[in-house]
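These notes are about the structure you will find just below.
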Amino acid sequence: MKKIIAAFALMLAGTTAFAEQADYNIIPLPKSVDVDASQTMTLRTGMGIAYDAGNPEASRNAQFLRAWIEEATGLRLELTPADKKAAVRMLVAPQKKLKKGETLTAQEAEAYTIVVDKKGISISAASQTGLFRAAQTLRKAMPVAKDLTAVELPFAKITDQPRFEYRGVMLDCARHYFPLETLKKFVDVAALHGCNQMHWHLTEDQGWRFEVKALPDLAKKGSVREQTVIGHNTEIYDGQRYGGYYTQAECRELVNYAAERYINIIPEIDLPGHMMGALNVFPNLGCTGGPYPVWTMWGVSREVLCAGNPETLTFLKTVLGELCDVFPSKYIHIGGDECPKDRWKECPKCQAKAKELGLKDDGKHSIENQLQTYINHEVEKFLGQRGRDMIGWDEVLEGGLTDNGIVMSWRGIDGGIEAAKQHHRVIMAPTSHCYIDYYQLKDPSKQPLGIGGYLPASKVYSFEPLVPETLSEEEQKYILGPQVNLWTEYVLYPQHLFYMLLPRLDAISEVQWCRSDQKDFENFKSRLPRMKQLYDRLGVSYCHKTE
Ligand code: ACM
Ligand code: ZN
Numbered sequence: 000m001k002k003i004i005a006a007f008a009l010m011l012a013g014t015t016a017f018a019e020q021a022d023y024n025i026i027p028l029p030k031s032v033d034v035d036a037s038q039t040m041t042l043r044t045g046m047g048i049a050y051d052a053g054n055p056e057a058s059r060n061a062q063f064l065r066a067w068i069e070e071a072t073g074l075r076l077e078l079t080p081a082d083k084k085a086a087v088r089m090l091v092a093p094q095k096k097l098k099k100g101e102t103l104t105a106q107e108a109e110a111y112t113i114v115v116d117k118k119g120i121s122i123s124a125a126s127q128t129g130l131f132r133a134a135q136t137l138r139k140a141m142p143v144a145k146d147l148t149a150v151e152l153p154f155a156k157i158t159d160q161p162r163f164e165y166r167g168v169m170l171d172c173a174r175h176y177f178p179l180e181t182l183k184k185f186v187d188v189a190a191l192h193g194c195n196q197m198h199w200h201l202t203e204d205q206g207w208r209f210e211v212k213a214l215p216d217l218a219k220k221g222s223v224r225e226q227t228v229i230g231h232n233t234e235i236y237d238g239q240r241y242g243g244y245y246t247q248a249e250c251r252e253l254v255n256y257a258a259e260r261y262i263n264i265i266p267e268i269d270l271p272g273h274m275m276g277a278l279n280v281f282p283n284l285g286c287t288g289g290p291y292p293v294w295t296m297w298g299v300s301r302e303v304l305c306a307g308n309p310e311t312l313t314f315l316k317t318v319l320g321e322l323c324d325v326f327p328s329k330y331i332h333i334g335g336d337e338c339p340k341d342r343w344k345e346c347p348k349c350q351a352k353a354k355e356l357g358l359k360d361d362g363k364h365s366i367e368n369q370l371q372t373y374i375n376h377e378v379e380k381f382l383g384q385r386g387r388d389m390i391g392w393d394e395v396l397e398g399g400l401t402d403n404g405i406v407m408s409w410r411g412i413d414g415g416i417e418a419a420k421q422h423h424r425v426i427m428a429p430t431s432h433c434y435i436d437y438y439q440l441k442d443p444s445k446q447p448l449g450i451g452g453y454l455p456a457s458k459v460y461s462f463e464p465l466v467p468e469t470l471s472e473e474e475q476k477y478i479l480g481p482q483v484n485l486w487t488e489y490v491l492y493p494q495h496l497f498y499m500l501l502p503r504l505d506a507i508s509e510v511q512w513c514r515s516d517q518k519d520f521e522n523f524k525s526r527l528p529r530m531k532q533l534y535d536r537l538g539v540s541y542c543h544k545t546e
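Shown next, in the form of structure tokens:
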């Protein structure tokens, strides 16, 4: 009898009754996928994943892969580092023959190959980062099902590397505060899409959210607004105090969490405008002396840091010094957008500073815009001493760019084009294609209240960041990559956040990863249902309709 049961069990295990097929039509689509659908290898519970046992990073990536396969399918693989014959083998190996003196580009350093054949699944990559990207690809190829004991994988060879070295997504946590748990999920979703930069907008008129230990009141008081306007500046207020900030320990926790997922966190302190959170606590830093509320409405405030008060730079250096201590990012974002100059024009301190600096309107750059460039210069020098590069919104062009500034082009692509022509690095995030706070469906009544606009996934998808019709090949080299921005004036809850993000992050991920001749929106749409199954499994919301 025992023998019969054992034979029956063996039969069951040997059948594919609980097997489903893997599908390599994922998002973002790898650079090349050659499939031989006539043959499959069967991945079963109990099979092993081999990796470089001596390397904790390799071990972590193997654990990720194991957990993701189980999460999607129920299949439980074993970690068997030393088993050269394991069904899944992850190893770092050159993906390209280098000529003498040649080094890998950032994109090549993330390259990987997955081969599925009768020996199993062999994953090789130029680096651990590449192995992580490959593991994400394999994860997304898995069927999303429950309690599978086997998955059939068609024989295949997949090779991939990202098109752009910079693949960003921005989240505004200043208009609304999101807890660390949500931010970790945000990082998970960004990593699922192969992003490598999370731009974290931390300070605003409506709240200062970064703890500065030398200035304890800054976050404690500057993060709290007395109430919030309802809707689009209706003049009706909700009467609810609103606040929240991130301690440095929390920031470090997020930095480490993201780093394990090969995402760098770029913090932004928006200066010298968008500063009412700080001005509330330090009214002496404003041209009029205040008092200033932490702003309770939306829009662009006239109240900005005084450019002529030496204490302004002392304040900024204190803040940015601690920021650099907490965030190891090579890039530090200093904002620079939407800084009205009304106050500076009338402020004796600002005007005296302009005179001292000998600033003259040259017909291209106004005195006040040059005054902003003066601040940017000081900040850039300070960050440079700490080995950091400064990013600013495209307004930083208006008073003349600083020596090494990176331009984030948001008011269209013209700022990016101008900066690239001046041989400055550029991140492309224009409102026309990258502002995912805009509505994504034509009919606003079918969506939660938003800021306005209309940016469907198809428009995001159509973005071409290199502007080849305008920029020469040499100039295109200055475009680091594209980024989508999620501002949160109207986004209060995680469900809404992920609804705004997905599937537009899917769309930008193909802009970030795929060659332009690979892109096809209808084909992209056909690959979305599988991703949505995974989102359901991960418990993140998304927009069901895709326009
Ligand atoms: C911006 O959207 N104000 C950069
Ligand atoms: Zn002033």
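Heads up, the sequence shown is in numbering that gives the first Met the number 0, so the first residue is 0 and it goes up one at a time.
Backbone N, C-alpha and C fix where the C-beta goes; we use that ideal spot for every residue, glycine too.
For residue 277, the shortest separation between its Cβ and any heavy atom of the ligand ZN does not lie below 8 Å. CA-CA distance, residue 87 to residue 119, rounds to 6 Å.
Residue 141 and residue 168 do not touch by the CB rule: their CB atoms are close to 24 Å apart, not below 8 Å. Listed in chain order, the non-local C-beta contacts of residue 527 below 8 Å within the same chain comprise 26, 502, 505 and 545, local neighbours out to five positions each way being set aside. In this structure the region 48-67 does not lie against the region 31-40, because fewer than three pairs of beta carbons, one per stretch, are closer than 8 Å. According to the DSSP assignment, residue 314 belongs to the alpha helix (DSSP H) that extends over 309-325.
The beta-carbon distance between residue 330 and residue 435, rounded to whole angstroms, is 21 Å. This is too long to meet the 8 Å contact definition. Around the C-beta of residue 150, 16 or more other C-beta atoms lie within 10 Å, and the residue is accordingly described as buried. The region 186-202 makes contact with the region 168-177: 3 or more CB pairs, one atom from each, lie closer than 8 Å.
A Cβ-Cβ distance of about 19 Å is found for the pair residue 36 and residue 147, leaving them out of contact under the 8 Å criterion.
As for any alpha helix (DSSP H) of minimum length 4 sitting wholly inside the region 431-493, the runs are 456-460 and 472-475, ordered along the chain. No heavy atom of the ligand ZN is found nearer than 8 Å to the CB of residue 289. A distance of 9 Å or more separates the beta carbons of residue 111 and residue 480.
Here the distance from the Cβ of residue 409 to the nearest heavy atom of the ligand ACM is below 8 Å.
For residue 43, the pairing in a beta bridge is given by DSSP as 149.
By the neighbour-count criterion, in which 16 or more other beta carbons inside 10 Å mark a residue as buried, residue 283 falls on the exposed side. Burial of residue 300 is indicated by the presence of at least 16 other C-beta atoms within 10 angstroms of its C-beta. The beta carbons of residue 137 and residue 229 sit no closer together than 9 Å.
Rounded to the nearest angstrom, the gap between the Cα atoms of residue 500 and residue 451 is 16 Å.
Judged by DSSP secondary structure, residue 292 falls outside any alpha helix (DSSP H); it is assigned neither H nor E. Distances taken from the Cβ of residue 307 to the heavy atoms of the ligand ZN include one shorter than 8 Å. Secondary structure at residue 116: strand, using DSSP grouped into helix, strand and coil. Residue 206 and residue 220 have their alpha carbons spaced roughly 9 Å apart.
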